[in-house]
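Structure, as structure tokens:
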Amino acid sequence: MAGNRAVVYVGPGEVEVRDISYPELILRDGPGVNPLNVGRKCEHGVILKVITTNICGSDQHMVRGRTTAPSGLVLGHEITGEVIEVGRDVEFIKKGDLVSVPFNIACGRCRNCKERNTNVCSNVNPDRPGSAYGYVDMGGWVGGQSEYVMVPYADFQLLKFPDKDRAMEKILDLTMLSDIFPTGYHGAVSAGVKPGSTVYVAGAGPVGLAAAHSAQLLGAAVVIVGDLNSERLAQAKSFGCETVNLREHANLAEQIDQILGEPEVDCAIDCVGFEAHGHGHAHGEAPATVLNSIMEVTRAGGRLGIPGLYVTGDPGAVDEDAKIGTLKIRFGLGWAKSHTFVTGQTPVMQYHRELMTSILSGKAQIAKAVNATLISLDQAPAAYSEFDKGASKKFVIDPHLSVKR
Ligand SMILES: NC(=O)c1ccc[n+]([C@@H]2O[C@H](COP(=O)([O-])OP(=O)(O)OC[C@H]3O[C@@H](n4cnc5c(N)ncnc54)[C@H](O)[C@@H]3O)[C@@H](O)[C@H]2O)c1
Ligand SMILES: [Zn+2]
Ligand SMILES: [Zn+2]
1 MAGNRAVVYV GPGEVEVRDI SYPELILRDG PGVNPLNVGR KCEHGVILKV ITTNICGSDQ
61 HMVRGRTTAP SGLVLGHEIT GEVIEVGRDV EFIKKGDLVS VPFNIACGRC RNCKERNTNV
121 CSNVNPDRPG SAYGYVDMGG WVGGQSEYVM VPYADFQLLK FPDKDRAMEK ILDLTMLSDI
181 FPTGYHGAVS AGVKPGSTVY VAGAGPVGLA AAHSAQLLGA AVVIVGDLNS ERLAQAKSFG
241 CETVNLREHA NLAEQIDQIL GEPEVDCAID CVGFEAHGHG HAHGEAPATV LNSIMEVTRA
301 GGRLGIPGLY VTGDPGAVDE DAKIGTLKIR FGLGWAKSHT FVTGQTPVMQ YHRELMTSIL
361 SGKAQIAKAV NATLISLDQA PAAYSEFDKG ASKKFVIDPH LSVKR
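In terms of the UniProt record's numbering, the sequence shown opens at residue 1 and continues consecutively.
So this is what it looks like as structure tokens:
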């Protein structure tokens, strides 16, 4: 039997490439596996040879020691692969198919899945609704920053690319369908972006850039991206966004006023989450900054898309309240402005097929927008550290060197 190598979380600031077990159509015990999931049979699943698997800001929360992720956890929830083995109960997905895996794991049988809310499937994580590969408190499904991975509920979940050769030509774009393209798009849709909208995107990381590109695809008139990282802001500018450097300019409303002639936007998207920094030079971490500032700069009656991650447990938080996810939010302001808030994991399956078509037709240029950067599995630890320092790159691991250089 083939071996398997994977990126493993060792401890805060430390990841390693290690040998792990070759996947089977059963969930075995291991670091982070929920005891109630041990021994779970997955004849509805497949084994994938991983073609591409991306590093995500969500992984960084764990790698920075900001969650309760256990040492030994195999990382990786952004997976694209080729089917090399199918379970007994898989009917339609075939060996050889090239597929995108939604990062949420979803059974297709529960009430939430039936209502298309695959982000909160109630059958895959014994602790709470919602699950993902290689993630703390998500049931213990083994991560896919590896050579091979098992994916359950294959017929329901997998998005098959119609033409393998054509897909391999656009693989750096298609690899974003497992998470950040649908996530950025969901942020924009939830914020109500439509033709002519003015939009503020907080964060110029890969999710922020994906949200900005999505807002453009939806017809926004002006997309303003804010961050404290000038390299990332330059990336946003490269595809037509206006930018605000929040380190240099602490007053966001004033900056928006200079760009638009009024201090408010129609729609705002939080692509930062709980590790948000305060604005200005004297900034430290201030987890409610983005939530408060988007309420301030969004017009009354507007909508706030909040894909940025907020947690219920943060051992590295700035104060006792934030350690359990209780943040100092000026909710009265949002209420007074009749804002709509949309939070949570992205229901990837609501968007990935249409976004695939947009990529294949050449309409969407997501790899360019997020600066997709191909690396080998062995380069992953260095890439984690470069990404942590704020590099404006979306790292795409190519474990079998299958992608044309
Ligand atoms: N909802 C979902 O399903 C989903 C999916 C993927 C990622 N996420 C989350 O989206 C967030 C962004 O992901 P990413 O990969 O782009 O992460 P990232 O860490 O690369 O980017 C975050 C960016 O926010 C910037 N930032 C910090 N404070 C700021 C502030 N006050 N205003 C503006 N910018 C600020 C940082 O400088 C950084 O560039 C993360 O929290 C991630 O966990 C959620
Ligand atoms: Zn992700
Ligand atoms: Zn379900």
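Here a beta-carbon is modelled for each residue, glycine too, at the ideal position from N, C-alpha and C. Only a predicted model underlies this, so the values are computations on that prediction, with no experimental measurement involved.
Given a threshold of 16 other Cβ atoms within 10 Å of its Cβ, counted over all protein chains shown, does residue i qualify as buried or as exposed?
i, result
"I51", "buried"
"K95", "exposed"
"L304", "buried"
"P126", "exposed"
"E91", "exposed"
"S131", "buried"
"F331", "exposed"
"N11", "The amino acid at residue 11 is misidentified as Asn; the sequence shows Gly. G11 comes out exposed."
"E147", "buried"
"P206", "buried"
"A367", "buried"
"D165", "exposed"
"R232", "buried"
"A6", "buried"
"K237", "exposed"
"L36", "exposed"
Quick one: measure Cβ to Cβ for residue i and residue j, integer angstroms, because I've assumed they're closer than 8 Å.
i, j, result
"A215", "V201", "7 Å"
"I329", "D270", "Not quite, the Cβ-Cβ distance comes to about 12 Å (not below 8 Å), so this is no contact."
"G219", "G196", "7 Å"
"F156", "L98", "Not really, about 18 Å apart at Cβ, beyond 8 Å."
"L158", "I93", "6 Å"
"A253", "V297", "5 Å"
"C107", "Y135", "Their Cβ separation, rounded to whole angstroms, is 17 Å, which puts C107 and Y135 out of contact at 8 Å."
"S100", "L177", "4 Å"
Along the chain, where does the alpha helix (DSSP H) that runs through residue i open and close?
i, result
"K114", "R111 to K114"
"G57", "G57 to V63"
"V222", "Unbroken run through V222 is the beta strand (DSSP E), V222 to D227; no alpha helix (DSSP H)."
"K164", "K164 to E169"
"R353", "H352 to L360"
"E386", "A380 to D388"
"T183", "I180 to S190"
"T289", "T289 to V297"
"I259", "L252 to L260"
"F156", "A154 to Q157"
Based on Cα-Cα distance, which residue from the options lies nearest to residue i?
i, options, result
"F341", "A210, R64 and S190", "S190"
"L172", "A391, D378, N371 and Q345", "N371"
"G32", "V142, R116 and Q60", "V142"
"I79", "E169, V151 and L374", "V151"
"D398", "G108, M168, V207 and G139", "M168"
"E354", "Q345, T346 and A364", "A364"
"V379", "S58, Y133, Q145 and R88", "The residue you asked about is not Val; residue 379 is Gln in the sequence shown. Nearest of S58, Y133, Q145 and R88 to Q379, Cα basis: Q145."
"S358", "P263, D29 and L174", "L174"
"V311", "V38, G3 and T343", "T343"
"H339", "D165, I20, A382 and G302", "G302"
"R18", "V8, I26, A288 and L25", "V8"
"S71", "R166, P263 and G30", "G30"
"A234", "A204, V223 and P315", "A204"
"residue 410", "S238, V225, A300 and D257", "Only positions 1 to 405 of the chain appear in this structure, which leaves residue 410 out of reach."
"N54", "H77, A276, C42 and N37", "H77"
"G345", "S58, E14, G3 and N4", "The sequence as given places Gln at residue 345; Gly does not occur at that position. The option with the nearest alpha carbon to Q345 is S58."
"E13", "P263, S385, V38 and I105", "The sequence shown places Gly at residue 13, not Glu. Answer by Cα proximity: S385."
"E16", "L377, V396, D319 and K389", "L377"
Where do the N-terminal and C-terminal ends of the beta strand (DSSP E) with residue i fall, by residue?
i, result
"N245", "E242 to N245"
"K394", "K394 to I397"
"A6", "R5 to G11"
"E14", "E14 to D19"
"L48", "V46 to N54"
"I375", "A372 to I375"
Any chance the CB of residue i is under 7 Å from a heavy atom of ligand 5?
i, result
"C56", "Looking at this structure, you won't find ligand 5 anywhere; what it does contain is ligand 1, ligand 2 and ligand 3."
Notebook entry, point to check: Is it a yes or a no for the region 271-291 touching the region 241-254, going by three-plus beta-carbon pairs under 8 Å?
Noted result: yes
Notebook entry, point to check: Counting pairs of Cβ atoms below 8 Å between the region 109-124 and the region 60-67, do you hit three or more?
Noted result: no
Note to self: Contact between the region 41-48 and the region 71-85 is defined here as three or more beta-carbon pairs at a separation below 8 Å; is this criterion met?
What the structure shows: yes
Next item on the list: Could you say if the region 168-185 and the region 206-215 meet the contact criterion of at least three C-beta pairs nearer than 8 Å?
Entry: yes
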